[in-house]
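*Asks:* So that we are looking at the same thing, I have put the structure below in structure tokens.
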Amino acid sequence: MQIIIRPTSEIAALLTARLIAEALTAKPDLVLGLATGRTMERVYADLARRHLDHGLDFSSCRTFNLDEYVGIAPEDPNSYRHYMNRHLFERVNIDLRNTHVPNGVASDLAAECARYERAILACGGIDLQLLGIGTDGHIGFNEPLASLRSRTRVEILTSATRRQNAGMFSGDPERVPPCALTMGVGTILDSRRCLMLATGSEKTDILAKAVEGPITAMIPASALQMHPDSTIIVDETAATGLRGADYCRTIFNTAPAWAAYR
Ligand code: GLP
1033 MQIIIRPTSE
1043 IAALLTARLI
1053 AEALTAKPDL
1063 VLGLATGRTM
1073 ERVYADLARR
1083 HLDHGLDFSS
1093 CRTFNLDEYV
1103 GIAPEDPNSY
1113 RHYMNRHLFE
1123 RVNIDLRNTH
1133 VPNGVASDLA
1143 AECARYERAI
1153 LACGGIDLQL
1163 LGIGTDGHIG
1173 FNEPLASLRS
1183 RTRVEILTSA
1193 TRRQNAGMFS
1203 GDPERVPPCA
1213 LTMGVGTILD
1223 SRRCLMLATG
1233 SEKTDILAKA
1243 VEGPITAMIP
1253 ASALQMHPDS
1263 TIIVDETAAT
1273 GLRGADYCRT
1283 IFNTAPAWAA
1293 YR
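Quick note: the sequence shown uses our numbering, first residue 1033, plus one each step.
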């Protein structure tokens, strides 16, 4: 696991976008796993800018989103499908048929989850999975106690998550759907590479637990410690609680692999 500390949340987001852009340029038919949340908005804005200014080409890219609320239709402005269309898909030259978000209004949710797993496999698996982190340690919507080998399924959201995500639902946690479809922790760990972005003071405590604490189902993000190629990009504020912060800075400042990014 590599933890990269950048001075500000903006610089951290721009580095994340750059790494995605480089992966896409290296493999135009990249299978890209995508995340939602406020943290990702800057990443998607910069990818859109790279498309506009530098012709970053999404025409062969395939995408799979981590999750979607149960009971929220794709055209609903609160859906993650709507979020993705607005923040990224409508702003780049991606073929919408190549973009996948679990269907939260499927009549058979278990069948939808199985279909989603098959669709990922049919594309050859996820090359690069973008991740945020919830204040309770969730990745996707894998809440505390999610099996570290779980697959795409229906998950009941914690009250902490419903509070954290209330902003999109007029600030009222009660209006946040109680359940979501989410890729499992095992599905995420099957990605060839994981790229997490965590910024701001509300992530300081959970980040330290996830990357320096024990691997535990109570903190699903801690499963990334077992992934052979995971990079966690954070800003100085989120890194405040890391005991190994100095070592992380040393790696970024000396490792040849990061020379072009310093
Ligand atoms: C939602 C998503 C998560 C994301 C989290 C972080 O809960 N399901 O995948 O990591 O938001 O949100 P934010 O970036 O707004 O803190």
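Here a beta-carbon is modelled for each residue, glycine too, at the ideal position from N, C-alpha and C.
1. Nearest CA to the CA of Ile-1158: which residue from Asp-1099, Leu-1274, Leu-1221 and Thr-1040?
2. Thinking C-beta only, is Ser-1091 closer than 8 angstroms to Asn-1117?
3. Looking only at DSSP bridge pairs, what is Gly-1065 linked to?
4. Kindly give me the distance between the Cβ atoms of Arg-1082 and Ala-1049, rounded to whole angstroms, as I take these residues to be in contact under 8 angstroms.
5. Quickly, what does DSSP pair Thr-1131 with across the bridge? List them, please.
6. When you compare only the Cα positions, how much space is there between Met-1033 and Leu-1056?
7. Output yes or no for whether 8 angstroms exceeds the beta carbon distance between Ile-1035 and Cys-1211.
8. For the stretch 1238-1252 and the stretch 1269-1276, state whether three or more C-beta atom pairs, one from each stretch, are separated by less than 8 angstroms.
9. If Glu-1175 sits next to Pro-1134, beta carbons under 8 angstroms apart, how far is it from one beta carbon to the other, in whole angstroms?
10. Please report the distance separating the alpha-carbon of Leu-1229 from that of Pro-1246.
11. Who are Gln-1034's beta bridge partners in DSSP?
12. Can you list, in chain order, the residues of its chain whose CB lies under 7 angstroms from that of Met-1200, leaving out five sequence neighbours each side?
13. Rounded to a whole number of angstroms, what is the C-alpha to C-alpha distance between His-1119 and Tyr-1076?
14. Measuring only from the beta carbon, is Ala-1067 closer than 7 angstroms to any heavy atom that is part of the ligand GLP?
15. Is the beta carbon of Phe-1173 within less than 7 angstroms of some heavy atom of the ligand GLP?
16. If I follow the unbroken alpha helix (DSSP H) through Met-1072, where does it start and stop?
17. What does the alpha-carbon distance come out to for the pair Ala-1192 and Ser-1202?
18. Just to confirm before moving on: does the CB-CB distance between Ala-1178 and Val-1208 stay below 8 angstroms?
19. Pull up the CB-CB distance for Thr-1214 and Phe-1173, whole angstroms please, since I reckon it's below 8 angstroms.
20. Can you grab the Cα-Cα spacing for the pair Ala-1289 / Ala-1105, in whole Å?
21. Assuming Leu-1098 contacts Gly-1065 under a Cβ cut-off of 8 angstroms, what Cβ separation, rounded to an integer in Å, is found between them?
22. From Pro-1039 to Thr-1190, what does the alpha carbon distance come to, in whole angstroms?
23. With distances taken between CB atoms, is the gap from Leu-1227 to Leu-1051 smaller than 8 angstroms?
*Replies:* Put simply:
1. Leu-1221
2. no
3. Phe-1096 and Gln-1161
4. 7 angstroms
5. Thr-1095
6. 22 angstroms
7. no
8. yes
9. Glu-1175 to Pro-1134, Cβ: 16 angstroms. No contact.
10. 20 angstroms
11. Thr-1263
12. Asn-1110
13. 6 angstroms
14. yes
15. yes
16. 1071-1086
17. 16 angstroms
18. no
19. 4 angstroms
20. 43 angstroms
21. 7 angstroms
22. 31 angstroms
23. yes
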